[in-house]
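See below for the structure under consideration.
Number of protein chains: 2
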Amino acid sequence: MDRKKSIRLTRFELEIMHVLWEIGSGSVREIQERLPEKRRPAYTTVQTIVRRLEEKDAVRRLKKIGNAFIFEPLVTRKSAHHRLINELLESFGGSARPLMAHLAETGKLSLEDLKELEAMLAQRSSDASHKPGPARRDDSGNRSLK
Amino acid sequence: MDRKKSIRLTRFELEIMHVLWEIGSGSVREIQERLPEKRRPAYTTVQTIVRRLEEKDAVRRLKKIGNAFIFEPLVTRKSAHHRLINELLESFGGSARPLMAHLAETGKLSLEDLKELEAMLAQRSSDASHKPGPARRDDSGNRSLK
DNA sequence: GACAGCCTATGACACTTGTAGTAGGTTCAA
DNA sequence: TTGAACCTACTACAAGTGTCATAGGCTGTC
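So the protein sequences, as listed, match chains A and B. 167 is the number that the working numbering gives to position 112 of the first sequence; each next residue is one higher, with no gaps. 115 is the number that the working numbering gives to position 60 of the second sequence; each next residue is one higher, with no gaps.
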């Protein structure tokens, strides 16, 4: 087995991870500058969070440019989302139904969305022959721009 | 306007709210006893959380029986879920699609689920004439497919 | 080779969250 | 009326989080 243990990320940590997922990798300065201006924390605040992310093995130092470190994500967007969803599902008693219902009710989900999902599901189940794992594409962006 | 301001609940607070939503109202003792045995916190731990929930106006003292207070939720399950979902959606860039896709991919969602949702959505949109409010039965579904 | 300017490493602090102990009030049955 | 049993109010405390300030180390440029 793999030592993944599904790292828990806080709200703010997640925000920073999102920036990193977007840009692939970057310095503290770059991260900070990409946070929304309203409510943009001090440079050292971002630095602290990045350090904590390092401690959690959610990011790592990829290289150094000038005297600044460039960080890259170690946790994929997918796995982070996975964790969030599972936690949310627990709150819904484990079933996705009430969650979906809620989305539909609040207009977050359209009939077209459902149709497409259906198609996707149908497709997937007919794929049952190969292992589902490696077929996944989604996080592509993560390390691509080394 | 209404002073709702969407209370933020922690993991554990949420767990307790779930018990209260289930039973309608209850004492600290009743709440504690309904928490899963494995990992059931001390009586006073539950008491503390309930006190914090009171401070947040998420529950209130309904009455006293013997020397024990009976608490009832002030926040509805629906609104709490609503908040959770919205927060999750933010992490997904605001769209429900990736979330749904994830659910479908991980097998949390079946074709039948989708069919039913579709029916629901269709129904709902044809209902556009009456106010949606009082028709809601929300909390019922949660345990239905145990 | 000296200085401005940016970076890192570290320390700090208040607030939140999970967890529980203690002291003292209330109830009810014997 | 007294004691067990239960309840509340209060206190405590460590770990987690958000937020920075400071001190001191590189670097590129006159």
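For each residue, glycine too, the CB sits at the ideal point set by N, CA and C.
Residues of its chain near residue i, where Cβ-Cβ distance is below 8 Å and the 5 sequence neighbours each way are ignored
i, result
"A/ASN105", "Correcting the residue identity first, residue 105 of chain A is Val in this sequence and not Asn. Closer than 8 Å at the Cβ level, and outside the excluded window around A/VAL105, lie ILE71, VAL83, ILE86, VAL114 and PHE126."
"B/ALA151", "LEU144"
"A/ARG95", "GLN87"
"A/GLU109", "ARG115, ARG116 and PHE126"
Cβ-based neighbour list, residue i, same chain, cut-off 6 Å, excluding 5 preceding and 5 following
i, result
"A/SER61", "ARG138"
"B/VAL74", "ILE86 and ARG89"
"A/PHE124", "ARG116"
"B/ARG58", "Residue placement at B/ARG58 is poorly supported in this model, since its pLDDT is 47, which falls under 50; the coordinates still yield a value, given next. Cβ neighbours of B/ARG58 beyond the five flanking positions: none."
"A/PHE147", "PRO153 and LEU154"
"B/GLY79", "none"
"B/GLU77", "none"
Environment of residue i [buried if 16+ CB atoms lie within 10 Å]
i, result
"B/GLU68", "buried"
"B/ARG116", "exposed"
"B/PRO91", "exposed"
"B/LYS10", "A query on residue 10 of chain B cannot be resolved here, the shown segment of chain B reaching from 56 to 201 and no further."
"B/VAL130", "buried"
"B/LYS93", "exposed"
"A/ARG132", "buried"
"A/ALA177", "exposed"
"B/ALA97", "exposed"
"B/ALA174", "exposed"
"A/GLY81", "buried"
Endpoints, alpha helix (DSSP H) assigned at residue i
i, result
"B/LEU158", "152-160"
"A/ILE104", "98-110"
Identity of the residues DSSP links to residue i by a beta bridge
i, result
"A/ARG133", "It should be noted that the sequence gives Lys, not Arg, for residue 133 of chain A. Partner(s): none; A/LYS133 has no beta bridge."
"A/GLY81", "A/PHE126"
Residue i, enclosing beta strand (DSSP E) - first and last residue
i, result
"B/LEU117", "114-120"
"A/GLU127", "123-128"
Spatial neighbours of residue i in its chain, beta-carbon cut-off 7 Å, leaving aside the 5 residues before and after
i, result
"B/LYS111", "ILE62"
"B/LEU64", "MET72, ALA113 and ALA135"
Say whether the stretch 148-163 of chain A touches the stretch 160-180 of chain B, bearing in mind that this needs 3 or more beta-carbon pairs closer than 8 Å, one atom from each stretch. Contact between the stretch 148-163 of chain A and the stretch 160-180 of chain B is present, with at least three C-beta pairs closer than 8 Å.
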